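Visitor: Quick one: the structure is below, questions incoming.
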(Lines of atoms letter the chains of each structure in order from A and count residues from 1; the text may use other names and numbers.)
(Lines give C-alpha, C1' and ligand atoms only; values in the text may rest on other atoms or scores of the structure.)
Protein backbone atom coordinates (compact mmCIF):
# COMPACT_ATOMS: atom_id res chain seq x y z
CA UNK A 1 0.00 0.00 0.00
CA UNK A 2 1.34 3.44 -0.91
CA UNK A 3 0.93 6.47 1.29
CA UNK A 4 2.39 9.92 1.90
CA UNK A 5 2.41 12.59 4.57
CA UNK A 6 4.22 15.93 4.69
CA UNK A 7 6.82 16.40 7.45
CA UNK A 8 5.63 20.01 7.87
CA UNK A 9 2.49 18.60 9.52
CA UNK A 10 3.97 15.65 11.44
CA UNK A 11 1.88 12.98 13.10
CA UNK A 12 3.76 13.70 16.30
CA UNK A 13 6.09 16.37 17.69
CA UNK A 14 8.34 15.19 20.50
CA UNK A 15 9.79 18.15 22.40
CA UNK A 16 13.20 17.80 24.00
CA UNK A 17 13.72 18.93 27.59
CA UNK A 18 14.89 22.20 25.98
CA UNK A 19 16.64 23.20 22.75
CA UNK A 20 14.50 21.63 20.02
CA UNK A 21 12.18 18.84 19.00
CA UNK A 22 11.70 15.79 16.79
CA UNK A 23 8.92 15.84 14.17
CA UNK A 24 7.77 12.29 13.41
CA UNK A 25 5.83 10.82 10.49
CA UNK A 26 4.83 7.14 10.48
CA UNK A 27 3.58 5.38 7.36
CA UNK A 28 2.78 1.74 8.08
CA UNK A 29 5.98 0.18 9.47
CA UNK A 30 8.19 3.10 8.34
CA UNK A 31 8.97 5.96 10.74
CA UNK A 32 10.93 9.07 9.81
CA UNK A 33 11.96 11.92 12.05
CA UNK A 34 13.26 15.39 11.44
CA UNK A 35 15.19 16.54 14.46
CA UNK A 36 15.81 20.20 15.09
CA UNK A 37 18.65 20.38 17.60
CA UNK A 38 18.99 24.02 18.62
CA UNK A 39 22.29 25.60 19.74
CA UNK A 40 23.04 24.37 23.26
CA UNK A 41 21.30 20.99 22.70
CA UNK A 42 23.03 18.01 24.29
CA UNK A 43 21.54 14.53 24.51
CA UNK A 44 22.64 14.05 28.13
CA UNK A 45 20.79 17.24 29.13
CA UNK A 46 17.83 17.36 26.74
CA UNK A 47 16.87 13.71 26.07
CA UNK A 48 18.41 11.64 28.89
CA UNK A 49 15.70 12.80 31.35
CA UNK A 50 13.09 11.56 28.85
CA UNK A 51 14.83 8.31 27.86
CA UNK A 52 15.94 7.31 31.36
CA UNK A 53 19.17 5.68 30.11
CA UNK A 54 22.80 6.66 30.77
CA UNK A 55 23.51 7.11 27.05
CA UNK A 56 21.40 7.14 23.91
CA UNK A 57 20.41 3.57 23.07
CA UNK A 58 18.86 4.38 19.68
CA UNK A 59 20.44 3.19 16.42
CA UNK A 60 20.28 6.27 14.20
CA UNK A 61 20.55 6.27 10.41
CA UNK A 62 20.06 9.42 8.43
CA UNK A 63 21.40 12.60 6.88
CA UNK A 64 22.42 15.94 8.33
CA UNK A 65 20.76 18.77 6.39
CA UNK A 66 21.99 21.82 8.34
CA UNK A 67 24.33 22.70 11.18
CA UNK A 68 26.84 20.50 12.94
CA UNK A 69 26.80 17.85 15.64
CA UNK A 70 29.42 15.82 17.51
CA UNK A 71 28.63 12.28 18.69
CA UNK A 72 30.74 10.69 21.44
CA UNK A 73 30.33 6.94 21.80
CA UNK A 74 30.55 5.15 25.14
CA UNK A 75 34.06 3.92 24.20
CA UNK A 76 35.24 7.55 23.88
CA UNK A 77 35.47 7.74 20.09
CA UNK A 78 33.90 10.78 18.43
CA UNK A 79 32.26 11.45 15.08
CA UNK A 80 31.55 14.93 13.72
CA UNK A 81 28.80 15.49 11.16
CA UNK A 82 27.67 18.39 9.04
CA UNK A 83 25.50 19.17 6.02
CA UNK A 84 25.32 16.32 3.54
CA UNK A 85 26.82 13.69 5.85
CA UNK A 86 24.96 10.38 5.84
CA UNK A 87 25.53 8.48 9.08
CA UNK A 88 24.91 5.14 10.74
CA UNK A 89 25.25 5.64 14.51
CA UNK A 90 25.40 2.67 16.86
CA UNK A 91 23.57 2.78 20.20
CA UNK A 92 25.56 3.95 23.20
CA UNK A 93 26.44 7.60 22.71
CA UNK A 94 26.02 11.20 23.80
CA UNK A 95 25.78 14.03 21.24
CA UNK A 96 25.68 17.81 21.09
CA UNK A 97 25.25 20.63 18.62
CA UNK A 98 28.31 22.58 17.57
CA UNK A 99 28.18 26.32 16.96
CA UNK A 100 25.39 28.87 16.81
CA UNK A 101 23.24 27.15 14.16
CA UNK A 102 20.60 24.48 14.75
CA UNK A 103 21.48 21.02 13.49
CA UNK A 104 18.68 19.59 11.36
CA UNK A 105 18.91 15.81 10.97
CA UNK A 106 16.55 13.47 9.09
CA UNK A 107 16.57 10.14 10.92
CA UNK A 108 15.04 6.74 10.16
CA UNK A 109 15.84 5.38 13.64
CA UNK A 110 13.33 7.34 15.72
CA UNK A 111 10.42 5.01 16.36
CA UNK A 112 10.97 5.15 20.13
CA UNK A 113 13.37 8.11 20.31
CA UNK A 114 12.71 10.88 22.85
CA UNK A 115 9.65 9.08 24.20
CA UNK A 116 9.30 8.51 27.93
CA UNK A 117 10.55 5.08 29.02
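Numbering (this note's numbering), first residue to last: 17 to 133.
For glycine and all other residues, C-beta sits at the position ideal for the given N, C-alpha and C.
Given the structure is predicted, the values throughout are model-derived calculations rather than measurements.
Kindly say whether residue 84, judged by its beta-carbon, lies nearer than 8 Å to any beta-carbon of chain D.
Guide: Among the chains of the structure shown, chain D does not appear; only one protein chain is present.
Visitor: Measuring CB to CB, does residue 77 end up less than 8 Å from residue 125?
Guide: In contact: residue 77 and residue 125 (Cβ atoms closer than 8 Å).
Visitor: Going by DSSP, what residues sit across from residue 63 in a beta bridge?
Guide: According to DSSP, residue 63 bridges with nothing at all.
Visitor: Applying the criterion that 16 or more other CB atoms from any shown protein chain within 10 Å of the CB defines a buried residue, is residue 32 buried or exposed?
Guide: Looking at its Cβ environment, which holds 16 or more other Cβ atoms inside 10 Å, residue 32 is buried.
Visitor: Using only alpha-carbon positions, find the residue among 18, 127, 17 that is nearest to residue 73.
Guide: Nearest C-alpha to residue 73: 127.
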